[in-house]
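In mature numbering (1 follows the signal peptide of the UniProt record, and there is no 0), the protein residues as written are -22 to -1, 1 to 101. Note that CB positions come from ideal geometry on N, CA and C, so glycine has one too. Notes follow once the structure below has been shown.
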Amino acid sequence: MKLFATFLFSALLLGFSSLISADEPKKELTKEEIIEKLLGKWEIVKADGAGLEGGTITFEKGGKFTLVLKEDSKMEGTFEIEKGRLVTKIGDASDTDTIKKLTADEVELQNDNKETTQLKKKK
């Protein structure tokens, strides 16, 4: 019985300490940090929008990007970060996406229509 009580007490302490560490605030990335992580070539691995999967997007310094789709169509445009959101422009058309996930190897974007696009860094 004493062993069980010790085990239960230890489990409660571990659970409590994990709750405390879960409340640590996440560090917000600066505009420059977001851009630095975005730079490079990305493969579109999943997209709610038609015809995007299998394409690539390359973000370059100076706020330029190139989008190449499976059909070998190539489009160039500009991008910027506004309030933590990715704003892309090709000609007169623009799109704003919330950055849901951003790591060195993965990006998940969501537009205002709740359509998601997942990118994976090309090596």
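Residues in its own chain within less than 8 Å of residue i by CB, not counting five upstream and five downstream?
| i | result |
| --- | --- |
| residue 14 | none |
| residue 24 | 31, 94, 95 and 96 |
| residue 18 | 36, 37, 99 and 100 |
What whole-angstrom Cβ distance do residue i and residue j have, given they're in contact under 8 Å?
| i | j | result |
| --- | --- | --- |
| residue 47 | residue 69 | Contact doesn't hold; Cβ gap of about 16 Å is too wide. |
| residue 98 | residue 83 | 6 Å |
| residue 22 | residue 59 | Their Cβ separation, rounded to whole angstroms, is 19 Å, which puts residue 22 and residue 59 out of contact at 8 Å. |
| residue 39 | residue 56 | So it is not a contact: roughly 12 Å between Cβ atoms. |
| residue 78 | residue 87 | 7 Å |
Over the uninterrupted alpha helix (DSSP H) stretch that includes residue i, give me the two end residues.
| i | result |
| --- | --- |
| residue 92 | Taken as a continuous stretch (DSSP letters only), residue 92 belongs to no alpha helix (DSSP H), as it is neither H nor E. |
From the DSSP output, which residues share a beta bridge with residue i?
| i | result |
| --- | --- |
| residue 45 | 35 and 53 |
| residue 25 | 95 |
Evaluate residue i with the Cβ neighbour count: other Cβ atoms within 10 Å of its Cβ, from every protein chain shown; 16 or more gives buried, anything less gives exposed.
| i | result |
| --- | --- |
| residue 81 | exposed |
| residue 16 | buried |
| residue 8 | exposed |
Once the 5 residues before and after residue i are set aside, which same chain residues still bring their CB inside 6 Å of it?
| i | result |
| --- | --- |
| residue 45 | 35 and 53 |
| residue 92 | none |
So residue i is in the beta strand (DSSP E); what residue range does that whole segment cover?
| i | result |
| --- | --- |
| residue 64 | 63 to 68 |
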